[in-house]
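Notes follow once the structure below has been shown.
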Ligand code: F6P
């Protein structure tokens, strides 16, 4: 008999259900006696003992379904050691609920913060397996995360739609793509959508260079320009500030503009006279059905996680390394971020065809 706890934590994405389905199908296909406990709304469910006993049937028909059938919530890692408003020790509560249900293992689907808490639970003696979820693709130790490719497709479609209207009106358009800390999604959707300028958190931009790129296009007869801008894009001036000053400057900026793109739009108009519009696809990038690539990836990751459970291999993230599904020790990847290197070959090649990164 295997008793497995499962939770999905942090911002959702499209292939959470597909991944859980892979795990559960893999288990039921090999074992005759399995119990799956789904903790509701991520770590919250594990802390407060909110769970449901799920059957194989619960995971049937969910391959194409976005969201998560067990719900999710953000429970910041930095608050895990801080007692809740009633003085409850969250880590102890999670351990107690794990032991009360006599679980063999916890399967935890989530991003970086989720992974840090998974590692904390490992250090506290629980058996855990982490599955890398995020549209940001910023988890260290895995080449890919599920949700990422679907989000690229959605953001690309958004840029495609903007292209036609930008060209009709001869306007400048900023499409703001998700990603506060890293720019993988913006980089790939930007290239796929044929953006002329791509601004990433990892490459602080110079407004002069951005405006130069727009004017260069204009002079060559191109009436419109598309900018793919990451939520976390920063100007060179902002990047030069220390952490505290930067947070202050950011707060001030957000009092005046909904996001960096609106500030940039105003600055571009001031400098170049161009008419600029901003489009923010926002959470649509995390919604809807997973694309075929993510369905396959999730099924592979989930099925591999099931094999790890059967072999009792814990304390790991199930990762993609050189297109192979592998185990990576949580102790080696938790707390690290996978950012875009400004020297990344894709960036170099994009620059070689004239895409500006504002640097
Ligand atoms: O981490 C995934 C992500 O979608 C980021 O790209 C984005 O910056 C953030 O979550 C948005 O978070 P929330 O859903 O809490 O607004």
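Residue numbers (my numbering): 16 to 374. For glycine and all other residues, C-beta sits at the position ideal for the given N, C-alpha and C.
_Mapping the DSSP letters down to three states, classify residue 246 as helix, strand or coil._
Counting from one through the chain shown, the residue named residue 246 turns up at place 231. In this structure, residue 246 counts as coil in the three-state DSSP scheme.
*asked:* Looking at the ligand F6P, does it come within less than 7 Å of residue 149, judged from the CB to the closest heavy atom?
replied: Along the chain shown, read from residue 1 onward, the residue named residue 149 stands at position 134. Because some heavy atom of the ligand F6P lies under 7 Å away, the Cβ of residue 149 counts as near it: yes.
*Pull up the distance between the alpha-carbon of residue 149 and that of residue 312, whole angstroms please.*
As a working note, residue 149 is residue 134 in the chain shown. As a working note, residue 312 is residue 297 in the chain shown. Using only the alpha carbons, I get a separation of about 13 Å.
*Quick one: residues in its chain with C-beta nearer than 7 Å to the C-beta of residue 247, no 5 flanking neighbours on either side, listed in chain order?*
Within the chain shown, the letter at position 232 stands for residue 247. Same-chain partners within the cutoff: 194, 195, 196, 216.
*Taking the alpha-carbon positions, what's the residue 220 to residue 305 distance?*
Indexing the chain shown from 1 puts residue 220 at position 205. Indexing the chain shown from 1 puts residue 305 at position 290. Rounded to whole angstroms, residue 220 to residue 305 spans 32 Å at the Cα level.
*Which ranges would you report for the beta strand (DSSP E) in the stretch 154–228 if only whole runs of at least 3 residues count?*
187–192, 212–214
*Should residue 26 be counted as a contact of the ligand F6P given a C-beta to heavy atom distance under 7 Å?*
Locating residue 26 in the chain shown gives position 11, counting from the first residue. Yes, the Cβ of residue 26 comes within 7 Å of a heavy atom of the ligand F6P.
*Give the C-beta separation of residue 186 and residue 292 to the nearest angstrom, bearing in mind that I take them to be a contact with Cβ-Cβ under 8 Å.*
Along the chain shown, one-based indexing puts residue 186 at 171. Along the chain shown, one-based indexing puts residue 292 at 277. That pair is a contact at about 6 Å.
*Among the residues of its own chain, which have a CB less than 7 Å from the CB of residue 181, if the five just before and after it don't count?*
Translated into the one-based positions of the chain shown, residue 181 becomes position 166. Within the same chain, residue 181 has close Cβ partners 188, 239, 241.
*Do residue 199 and residue 333 have their CB atoms nearer than 8 Å?*
Within the chain shown, residue 199 is the residue found at index 184, counting from 1. Within the chain shown, residue 333 is the residue found at index 318, counting from 1. Contact flag unset, no.
*On the three-pair Cβ rule with 8 Å, is the stretch 315–325 touching the stretch 269–288?*
no
_Spatially closest choice to residue 327 from 144, 295, 176, 192, by CA coordinates_ = Your numbering for residue 327 matches position 312 in the chain shown. Taking only the C-alpha atoms, the option nearest residue 327 is 144.
*Counting only the same chain and skipping the five closest in sequence on each side, list residues whose C-beta sits under 8 Å from that of residue 89.*
Residue 89 sits at position 74 when you count from the first residue of the chain shown. Contacts found: 24, 25, 26, 57, 128.
*residue 339 lies in the beta strand (DSSP E); which residues open and close that run?*
For the purposes of this step, residue 339 is identified with residue 324 of the chain shown, where counting begins at 1. Residues 339–344.
_Using the three-state DSSP reduction, which class does residue 363 fall into: helix, strand or coil?_
Taking the chain shown and counting its residues from 1, one reaches residue 363 at position 348. Three-state DSSP puts residue 363 in a helix.
*Tell me whether residue 193 counts as near the ligand F6P, meaning its Cβ is closer than 7 Å to at least one heavy atom of that ligand.*
Walking along the chain shown from the start, residue 193 turns up at place 178. Yes, the ligand F6P has a heavy atom inside 7 Å of this Cβ.
*Note down the Cα distance separating residue 151 from residue 101, rounded to an integer number of angstroms.*
The residue you call residue 151 lines up with position 136 of the chain shown. The residue you call residue 101 lines up with position 86 of the chain shown. Residue 151 and residue 101: Cα-Cα distance of roughly 34 Å.
*What's the C-alpha gap between residue 301 and residue 364?*
Residue mapping note: residue 301 aligns to position 286 of the chain shown, counting from 1. Residue mapping note: residue 364 aligns to position 349 of the chain shown, counting from 1. Taking the straight line joining both Cα atoms gives about 28 Å.
*What residue range is occupied by the uninterrupted beta strand (DSSP E) comprising residue 334?*
As a first step, residue 334 is located in the chain shown; it is residue number 319 there, counting from the start. Where residue 334 is concerned, the enclosing beta strand (DSSP E) stretches over 331–336.
_Expected contact under 8 Å - CB spacing of residue 136 and residue 159 to nearest Å_ = Taking the chain shown and counting its residues from 1, the one referred to as residue 136 is at position 121. Taking the chain shown and counting its residues from 1, the one referred to as residue 159 is at position 144. In fact, because the Cβ distance is near 24 Å, the residues do not count as touching under 8 Å.
*asked:* Quick check on residue 21: does DSSP put it in helix, strand or coil?
replied: Taking the chain shown and counting its residues from 1, the one referred to as residue 21 is at position 6. Three-state result, residue 21: strand.
*Using the C-alpha atoms, what's the distance from residue 353 back to residue 190?*
Counting from one through the chain shown, the residue named residue 190 turns up at place 175. Counting from one through the chain shown, the residue named residue 353 turns up at place 338. Looking at the two C-alpha atoms, the distance is approximately 23 Å.
*Distance, Cα to Cα, residue 97 vs residue 131?*
The residue you call residue 97 lines up with position 82 of the chain shown. The residue you call residue 131 lines up with position 116 of the chain shown. Answer to the nearest angstrom: the Cα atoms are 15 Å apart.
*What does DSSP give as the partner residues of residue 293 in its beta bridges?*
In the chain shown, residue 293 corresponds to position 278, counting from 1. Answer is 189, bridged to residue 293.
*Which class does residue 371 belong to by DSSP, given the choice of helix, strand or coil?*
The sequence position of residue 371 within the chain shown is 356, counting from 1. Here residue 371 sits in strand by DSSP.
*Round the Cβ separation of residue 61 and residue 112 to the nearest angstrom and send it over; I've been treating them as touching at under 8 Å.*
On the chain shown, residue 61 is found 46 positions in, with the first residue counted as 1. On the chain shown, residue 112 is found 97 positions in, with the first residue counted as 1. With a Cβ gap of about 6 Å, residue 61 and residue 112 count as contacting.
*Beta carbon of residue 350: closer than 7 Å to some heavy atom of the ligand F6P?*
Here residue 350 is taken as the residue at index 335 of the chain shown, counted from 1. Because no heavy atom of the ligand F6P lies under 7 Å away, the Cβ of residue 350 does not count as near it: no.
*Inspect the beta-carbon positions of residue 296 and residue 210 and report whether they are closer than 8 Å.*
Against the chain shown, residue 296 aligns to sequence position 281. Against the chain shown, residue 210 aligns to sequence position 195. It is not a contact, given that the beta carbons lie outside the stated cut-off.
*Cβ-heavy atom distance, residue 126 to the ligand F6P, below 7 Å*: Here residue 126 refers to the residue found at position 111 when the chain shown is read from its first residue. Because some heavy atom of the ligand F6P lies under 7 Å away, the Cβ of residue 126 counts as near it: yes.
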